[in-house]
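*Asks:* Numbering (the numbering used here), first residue to last: 337 to 808.
Yeah, the Cβ is synthetic: ideal placement off N, Cα and C, and Gly gets one too.
In this text the structure is predicted, and so the values were computed from the model without any measurement.
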Ligand code: UTP
């Protein structure tokens, strides 16, 4: 290892990381030195002091107000006209190949407890098709519908890159053209012990974890994804998370409104179901839009109500965005971007003082992540549009219960039932109104209500029987 690197590590107070150096083979030394060279050592003491040794307190601005948004149903005739123009604009942008999709899939999916990249989780309620297969089908259908291939960018982490790519190869890219699917890898952050010392995962490697979905922005630049977008003429990025198969991969109204409003970064908002729902809150301070996490919003603001009894801070974030490519270019122009870090206390498997690997029963360390929504205050213009929860948001965070694979499958069935009903199909329902069947519709065939009507016509479907399992 070169002396400069060694000195930087020691100056950062992390010399103990080299404790086992003399036990390593030449190959291990070289790999470890490469990993250590990628760490910004000058930053480490500050991160340890600010985020690990003390709990960072989220300073809530005094002037915090709820962010404004475009409502789901237009409030005036002028707004209805704007929505019509937005939809037309979105369709025009899609037809001209100006829009690409971006799925963030670099997370570790610990809550789901699934072995493998989360995108390979079988979510289809009848077929068991995977999350990636859902998005691939929708991307293919959007490409067909708008007559231009929609490029699909998939962010992985160094941990799941290989498994993700192999999966796509095995599936023959779900019939998409290879040149329209672009994988890129996010950065990592070393994990800290609670004493501020970095943790080792072996004698020759740091305990590293993905740097959060905020890492997307810089990774787009470093991976060459931005260059590809430029050369392909993609100007708008439709951003969504890998665990939400309900999301419209491209939403013409949302994209069109983003463009017409000259927004740099836009967001879908959902009306929160209760004051403590676990969604980030869209707020404004000093004219800047920001998200305050549900755990950071003080009770008096979370509970604050409008004269009509509705929540003042009603707007929750399902992490669905449109970003202008030019905004990402601007933010990352110097090859760096420093978004704030967020602390998460985790159980981190690491080496103990004697060099033995151990898995703790309680959180023993801190992972730092940056979040994409921290780019909102950096945007000159933000546009927020209300979404219909039942149409756009079914996160698969846990195996059962709230926000689970189970609830996601129910929501997929419910949306499919609504679409079929709209197209004239008789749907069996239980007394409580829920669907008494399991219904899956291939995203390759149906992107929206109009597609569903076309499919119903084509197959001549009239009714679904109680308890039936249907895959269209
Ligand atoms: P979550 O915050 O739900 O994290 O990520 P997760 O890692 O998937 O799941 P848990 O918390 O360990 O159970 C939201 C979205 O952001 C992506 C995830 O893949 C998911 O699509 N993400 C998260 C990244 O791409 N990189 C990250 O470093 C973190």
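Evaluate the contact criterion for the segment 555–572 versus the segment 682–693: three or more CB pairs, one atom per stretch, below 8 angstroms.
*Replies:* Flag = no, the segment 555–572 and the segment 682–693 do not touch.
*Asks:* Quick one: residues with CB closer than 5 angstroms to any heavy atom of ligand 1, in chain order, please.
*Replies:* 440, 441, 442, 443, 444, 445, 446, 447, 546, 548, 549, 577, 578
*Asks:* Tell me which same chain residues have a C-beta within less than 7 angstroms of the C-beta of residue 395, skipping the five on either side of it?
*Replies:* none
*Asks:* Whose C-alpha, out of 706, 366, 775, is nearest the C-alpha of residue 522?
*Replies:* Answer by Cα proximity: 706.
*Asks:* Can you list, in chain order, the residues of its chain with a C-beta nearer than 6 angstroms to that of residue 759? Leave out the 5 residues immediately preceding and following it.
*Replies:* 788, 789, 792
*Asks:* Buried or exposed, going by whether 16 or more other CB atoms sit within 10 Å of the CB of residue 609?
*Replies:* Residue environment: residue 609 is assigned as exposed (fewer than 16 neighbouring CB atoms within 10 Å of its CB, all protein chains considered).
*Asks:* Mind the definition here: the segment 460–476 touches the segment 407–414 only if three or more C-beta pairs lie below 8 angstroms; say whether that holds.
*Replies:* no
*Asks:* Would residue 741 and residue 776 be called neighbours here (beta carbons separated by less than 8 angstroms)?
*Replies:* Residue 741 places its beta carbon 8 angstroms or farther from that of residue 776.
*Asks:* How far does the alpha helix (DSSP H) with residue 482 in it reach, from first residue to last?
*Replies:* Unbroken alpha helix (DSSP H) run through residue 482: 467–482.
*Asks:* Would residue 530 and residue 701 qualify as a contact pair, given that the criterion is a beta-carbon distance under 8 angstroms?
*Replies:* yes
*Asks:* Can you find the residues in the same chain that come closer than 6 angstroms, C-beta to C-beta, to residue 625, ignoring five residues on each side of it along the sequence?
*Replies:* 403, 712, 718
*Asks:* Who pairs with residue 719 in a beta bridge, going by DSSP?
*Replies:* According to DSSP, residue 719 bridges with 602.
*Asks:* Output needed for residue 472: all residues of its chain with C-beta closer than 7 angstroms, excluding positions within five of it in sequence on either side, in chain order.
*Replies:* Correct list, in chain order: 510, 512.
*Asks:* When the Cα of residue 326 is compared with those of 605, 618, 745, 645, which residue comes out closest?
*Replies:* Any property of residue 326 remains undetermined from this structure, which presents the chain solely from 337 to 808.
*Asks:* My understanding is that residue 581 touches residue 656, with C-beta atoms under 8 angstroms, so please give their C-beta distance in whole angstroms.
*Replies:* Contact doesn't hold; Cβ gap of about 13 angstroms is too wide.
*Asks:* How big is the Cα-Cα spacing for residue 371 and residue 445?
*Replies:* 24 angstroms
*Asks:* Determine the extent of the beta strand (DSSP E) in which residue 526 is found, giving its start and end residues.
*Replies:* 524–526
*Asks:* Quick one: give me the first and last residue of the beta strand (DSSP E) that residue 292 is part of.
*Replies:* With the chain running from 337 to 808 in the structure shown, residue 292 is simply not present.
*Asks:* Between the Cα of residue 367 and those of 683, 575, 592, 539, spot the shortest distance and give me the residue it belongs to.
*Replies:* For residue 367, the closest alpha carbon among the candidates 683, 575, 592, 539 is that of 539.
*Asks:* Is the segment 571–588 touching the segment 433–441 in the sense that three or more CB pairs, one from each, lie closer than 8 angstroms?
*Replies:* yes
*Asks:* Can you list, in chain order, the stretches of the beta strand (DSSP E) that have 3 or more residues and sit fully within the segment 527–612?
*Replies:* 536–538, 544–546, 572–577, 601–607
*Asks:* Between the C-alpha atoms of residue 768 and residue 799, what's the straight-line distance to the nearest angstrom?
*Replies:* 20 angstroms
*Asks:* Rounded to a whole number of angstroms, what is the C-alpha to C-alpha distance between residue 506 and residue 346?
*Replies:* Residue 506 and residue 346 have their C-alpha atoms spaced approximately 46 angstroms apart.
*Asks:* Distance check for residue 359 and residue 649, CA to CA, integer angstroms please.
*Replies:* 56 angstroms
*Asks:* I need the straight-line Cα distance from residue 676 to residue 710, nearest angstrom please.
*Replies:* 7 angstroms
*Asks:* Would you say residue 592 and residue 426 are within 8 angstroms of each other, going by their C-beta atoms?
*Replies:* For residue 592 and residue 426, yes; Cβs fall inside 8 angstroms.
*Asks:* Should residue 458 be flagged as near chain C, meaning a C-beta pair shorter than 8 angstroms?
*Replies:* Here there is only one protein chain, and chain C is not present.
*Asks:* Which complete alpha helix (DSSP H) runs does the segment 674–744 hold, if anything under 4 residues is left out?
*Replies:* 725–728
*Asks:* Residue 350: buried (16+ other C-beta within 10 angstroms of its C-beta) or exposed?
*Replies:* buried
*Asks:* Go ahead and pull the three-state DSSP assignment for residue 373.
*Replies:* helix
*Asks:* Leaving out the 5 sequence neighbours to the left and right, which residues in its chain are closer than 7 angstroms to residue 665 when beta-carbon positions are compared?
*Replies:* Excluding sequence neighbours, residue 665 sits near 562.
*Asks:* Where residue 757 and residue 730 are concerned, what is the direct C-alpha to C-alpha distance, given to the nearest angstrom?
*Replies:* 20 angstroms
*Asks:* State buried or exposed for residue 631, treating a residue as buried only when at least 16 other CB atoms are found within 10 Å of its CB.
*Replies:* exposed
*Asks:* What residues in its chain sit with their C-beta under 7 angstroms from that of residue 653, if we drop five residues either side in the sequence?
*Replies:* 603, 605, 615, 616, 618, 627, 709
*Asks:* Using the Cα positions of residue 660 and residue 492, report the straight-line distance between them to the nearest angstrom.
*Replies:* 21 angstroms
*Asks:* Buried or exposed for residue 773, going by 16 or more other Cβ atoms inside 10 Å?
*Replies:* buried
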